[in-house]
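The structure appears below as structure tokens.
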Amino acid sequence: MKKILYGGIAMFFLFGCQPSELSLENYFKYLIEPENGLYKSKQINQFEISARYLPAEYLIYRDYKSSKIKELDIDSLKKTYEGSLTFILKIAPNKSEGHEFDVMTQTVSSKEAFKEQSFQLNFLMQENLKLIIEHREYFPVLVELENTYELTQHRNFMITYALDQKHIDNSFKAMDFIFQDRIFGTGIHHFLFTQESIKKTPSIKL
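Per this note's numbering, residue 16 is the first one in the sequence shown, and the count goes up by one each step.
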């Protein structure tokens, strides 16, 4: 009986606990570990499409470090991010299947087609994106294509949704991030994120 009890306690500490705070390096790793529920990915033929939820705490820390704002301004940043949700959408070659190419040039065959695709990715990407929470459809208020200066094969988009007052308290159970790919023709992709996973996210240890 004692062996069973001790074994149960050991299993609890090994698998049932996680740190309440992480160093910045480990925090970044946590955000992209699929088992933590904040990173989802799919392989579709030659492409890999992934979506990552960015917690408000990460965004506040990023702004704090980049702009060197005063401590007093942190509260205003918190209020800003409380009313929104932010994701990173990544479109990349499916390297697990041996594909190596720049996503900006792989599916175009002429300069005109390249210009058209670049225009769509830079200015019309929001038409391919939406977020569903409890049957309510949200559309992006901001979509930013990361400038990689053509040094990477993939492309990242930072996408922000502004929430209704009803959903600001995060009482909903899950949200469906949807990418309907009309640009590369990979189809419609659903990425489900749960509040359970979000609330389990450790804080950044400063």
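Beta carbons are placed, not taken as given, at the ideal position from N, Cα and C, and that holds for glycine. Everything numeric in this text was worked out from a predicted model, so none of it was measured.
Buried or exposed by the 16-neighbour rule on C-beta atoms within 10 Å, applied to residue i
i, result
"G202", "exposed"
"E112", "exposed"
"E63", "buried"
"H204", "buried"
"Y164", "exposed"
"F138", "exposed"
"P49", "exposed"
"P34", "exposed"
Contact under 7 Å by Cβ, residue i with residue j
i, j, result
"P217", "L92", "no"
"Y96", "L74", "yes"
"L146", "Y153", "yes"
"F192", "F206", "yes"
"R67", "Y54", "yes"
"Q135", "V158", "no"
"C94", "S65", "Strictly speaking, residue 94 in this sequence is Lys, with Cys absent from that position. No."
"L46", "I219", "no"
"F168", "H114", "The residue you asked about is not Phe; residue 168 is Gln in the sequence shown. Going by C-beta atoms, Q168 is not nearer than 7 Å to H114."
"D58", "N143", "Before going further, note that residue 58 is Gln rather than Asp in the sequence given. Contact flag unset, no."
"F116", "P108", "yes"
"F208", "M190", "yes"
"Y170", "V118", "According to the sequence displayed, residue 170 carries Arg and not Tyr. Going by C-beta atoms, R170 is nearer than 7 Å to V118."
Cβ shell of residue i (< 7 Å), same chain only, five flanking positions each side left out
i, result
"S99", "T175, Y176, A177 and L178"
"I183", "E97 and G98"
Reduced DSSP secondary structure (H/G/I, E/B, other) of residue i
i, result
"M173", "strand"
"D191", "strand"
"H114", "coil"
"E63", "strand"
"Y164", "coil"
"E223", "The first residue shown for the chain is 16 and the last is 221, placing residue 223 beyond what the model contains."
"H182", "helix"
"I75", "helix"
"Q58", "strand"
Neighbourhood of residue i by C-beta distance below 6 Å, restricted to the same chain and skipping five residues each side
i, result
"F129", "V123"
"E149", "F187"
"K215", "none"
"E211", "none"
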